[in-house]
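First comes the structure, then the notes that go with it.
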Amino acid sequence: MRIKFIFLMALAVLLTASLAGAEYPRKPIQMVIPFAAGGDTDIVGRAIAKVAPKYLGQSFAVVNYTGGSGTVGTAEVAKAKPDGYTVLLAAIGPLTSQPHLNEVPYKIPDDFIPVCYLCEFPMVFTVKADAPCNDVKGWIEWSKKEPKGLVFGQTSGSVLTLTLEEFKLKSGANMRYVAYNGTAPAVTALLGNHIQAVPAQPAGIAGFLANNQVKVLAASSAKSIQIAGRTIPTFKEQGYDIVMTAWNGALVPKGTPGEIVKKLGEVFRKVSMEDEEYRETMKKLGQDIVFKNGEDFKTVWLKDYQKFGEIIKALGKK
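Residue numbers for the sequence shown, in the numbering used here: 62 to 379.
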């Protein structure tokens with residue numbers, strides 16, 4: 062009798078999950094961006110939200126959470142109801158570097174289910190268009206003429222920040238860091254002459270580059286990249302072994318039914334691989350579309366979690 066009861070309960074759970082997947086979605090889905098509007102992660106998220114309804118039948122409502130270097134928004138998703146109506150546009154920093162630097166209100170990776178890996182990109186070393194340098198050598202020379210050094214700004218503990226910190230260490234440039242709540246406010250400070258550089262991802266500065274408001278000295282990619290029609294040289298081409306690839310992906314809270322995770326993954330796959338509008342947008346932004354399923358995304362995520370823990374230790378940040 063007991064075995065029969067357990068079997069019936071298990072069957073009920075499976076049928077409920079299957080039914081949830083079949084009916085999903087019945088309302089708009091909240092896409093959480095853990096950074097300010099107008100920043101790089103936000104721009105990618107809105108590009109996805111614009112076209113995804115074609116493949117899902119419901120809209121994505123973009124919601125920005127700021128604070129905690131991306132950990133506040135990430136935590137919101139970790140504690141959200143696991144019903145498929147809250148999706149995190151995951152950024153690498155809150156999931157890899159931040160947990161090594163600070164106590165975060167979520168467990169890596171247990172509080173999330175990876176849906177898919179969406180895109181990858183390097184750090185781009187960005188300065189104002191009228192800065193008196195056009196490459197990293199020029200930046201180093203400029204920095205050594207400034208008694209107080211040059212200032213760069215970005216999210217505290219982000220992989221973008223850590224990568225430019227690595228360049229500082231290897232180059233001996235006279236530069237220091239000031240914290241900003243994401244790329245958007247950091248670029249505003251750059252254009253207002255409050256700081257001299259921003260380590261960004263391509264999406265966050267593509268529009269400013271197209272409008273000739275900024276220029277990019279180097280990218281942390283393995284080979285030169287194109288952003289807004291400009292060719293950006295690598296750090297390595299300029300004599301510095303700085304190579305870092307960051308990413309965005311999609312996560313949902315643990316406990317989200319498998320059928321819903323599968324359906325979301327298929328929507329994101331279609332957006333990534335089939336939607337020409339999205340693909341053209343990402344090309345202009347300098348973001349590489351690299352789609353991976355949830356299992357492969359988790360492998361990359363945990364590998365980077367370990368890697369950035371080692372980098373943080375080497376930089377003496379903890």
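Yeah, the Cβ is synthetic: ideal placement off N, Cα and C, and Gly gets one too.
Skipping 5 residues on each side, what residues in its chain have a beta carbon closer than 7 Å to that of Gly99? If we look at Gly99 and ignore the five residues flanking it on each side, its Cβ neighbours are Ala245.
Same chain only: Cβ atoms within 6 Å of Pro86, ignoring 5 sequence neighbours per side: Closer than 6 Å at Cβ, skipping near neighbours: Gln119.
Given Pro314 as reference, the closest of Pro170, Asn125, Pro160 once Cα atoms are compared: The residue among Pro170, Asn125, Pro160 with its C-alpha nearest the C-alpha of Pro314 is Pro170.
Cβ neighbours of Val138 in the same chain (closer than 7 Å, five flanking residues each side left out): Hits under 7 Å: Val93, Thr147, Leu149, Leu312, Pro314.
Beta-carbon spacing of Ser281, Met343 below 9 Å: Note that the C-beta distance between Ser281 and Met343 is not below 9 Å.
For Val105 versus Leu346, is the C-beta spacing smaller than 9 Å? Between Val105 and Leu346, the CB-CB gap stays under 9 Å.
In whole angstroms, give me the CA-to-CA distance for Lys359 and Ile174. If I take the Cα positions, the gap works out to 9 Å.
Measuring only the C-alpha atoms, how far is Arg330 from Val112? The straight-line gap separating the alpha-carbon atoms of Arg330 and Val112 is approximately 12 Å.
Which residue marks the beginning of the alpha helix (DSSP H) containing Met334, and which one marks its end? Per DSSP, Met334 is one residue of the alpha helix (DSSP H) stretching across 319-335.
Terminal residues of the continuous alpha helix (DSSP H) containing Ala280? Premise fails: Ala280 lies in the beta strand (DSSP E), 275-280, not in any alpha helix (DSSP H).
Using the Cα positions of Gln287 and Thr317, report the straight-line distance between them to the nearest angstrom. C-alpha separation (whole angstroms): 38 Å.
Nearest CA to the CA of Gln51: which residue from Tyr238, Asn242, Ile266? The requested residue 51 does not occur in the structure, where the chain is confined to residues 62 to 379.
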